[in-house]
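Below you'll find the structure, written out as structure tokens, and then a few comments.
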Amino acid sequence: MPYSFLISSDGTLGIAGGDDEKWIPLHGSIDGWVESLALAYAAVDIADTITKLAGPATDSLDLTSMQPVELVDGRANGWWYRPGLLVALYAGESELFGRPGYRTAFLYSGNIDREWL
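In our numbering, each residue's number is its place in the sequence shown (first place is 1) plus 4.
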């Protein structure tokens with residue numbers, strides 16, 4: 005793996021690597037990262053449909069009508085919600101390596117409501 009997972013002095017979880025050892029914060033805390041993992045695991049069980057987008061296709065996502073899932077404390081990677089839809093957007097590696105094609109999003113649709121979060 006061409007990067008390392010690191011924790012900053014303020015508790016932010018991120019990745020660093022590349023020729024210049026660039027630092028990209030992924031989540032504001034370890035707890036946020038753990039919540040993100042738990043949410044990904046649970047979303048697979050509850051979603052009726054899972055759609056994966058990669059690279060330029062992620063640019064078409066309109067997150068303005070959605071609420072960020074605050075528990076994940078997202079920075080480069082984050083989650084958004086609206087009734088019936090949960091979106092996970094992973095952009096950390098894309099930012100680290102300057103490769104837009106590395107951006108990935110998963111759209112979990114179905115019986116997803118705020119109480120489930």
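Where is the CB? At the ideal position from N, CA and C, for every residue including glycine. This one's a predicted model, so the numbers in the text were calculated from it and none came from an experiment.
Quick one, which of the options has its alpha-carbon nearest residue i's?
i	options	result
isoleucine 54	Leu121, Asn115 and Glu119	Asn115
alanine 92	Tyr7, Met5, Ser40 and Gly102	Ser40
glycine 96	Arg107, Ser69 and Glu25	Arg107
aspartate 77	Ala20, Val38 and Ser13	Val38
leucine 90	Pro104, Arg118, Ala80 and Gly21	Arg118
tryptophan 84	Asp14, Tyr7 and Ala47	Ala47
proline 87	Pro104, Asn81 and Val73	Val73
glycine 102	Leu121, Gly22, Gln71 and Trp120	Gly22
proline 6	Gly15, Ala20 and Gly105	Ala20
tyrosine 94	Lys26, Pro60 and Asp24	Pro60
glycine 36	Ser98, Pro104 and Arg79	Arg79
Around the Cβ of residue i, are there at least 16 other Cβ atoms within 10 angstroms (buried) or fewer (exposed)?
i	result
methionine 43	Residue identity differs from the one stated: residue 43 is leucine in this sequence, not methionine. Buried.
serine 12	exposed
tyrosine 45	exposed
glycine 18	buried
serine 69	exposed
serine 8	exposed
Is residue i near the ligand FAD, judged by its Cβ being under 7 Å from some heavy atom?
i	result
tyrosine 112	This structure does not include the ligand FAD; it has no bound ligands of any sort.
Residue i and residue j look like a contact to me (Cβ under 8 Å); what is the Cβ gap, rounded to whole Å?
i	j	result
alanine 75	isoleucine 28	Checking the sequence, you will find leucine at residue 75 rather than alanine. Actually they are not in contact, since the Cβ atoms of leucine 75 and isoleucine 28 sit about 20 Å apart, beyond 8 Å.
alanine 51	tyrosine 112	4 Å
lysine 56	phenylalanine 110	6 Å
Spell out the partners DSSP gives residue i in its beta bridges.
i	result
isoleucine 34	Paired residues: none, contrary to the question.
glycine 18	Leu10 and Pro29
tryptophan 84	Pro72 and Val91
### Query
At a cut of 8 Å, does the region 24-33 reach the region 62-72 through at least three beta carbon pairs?
no
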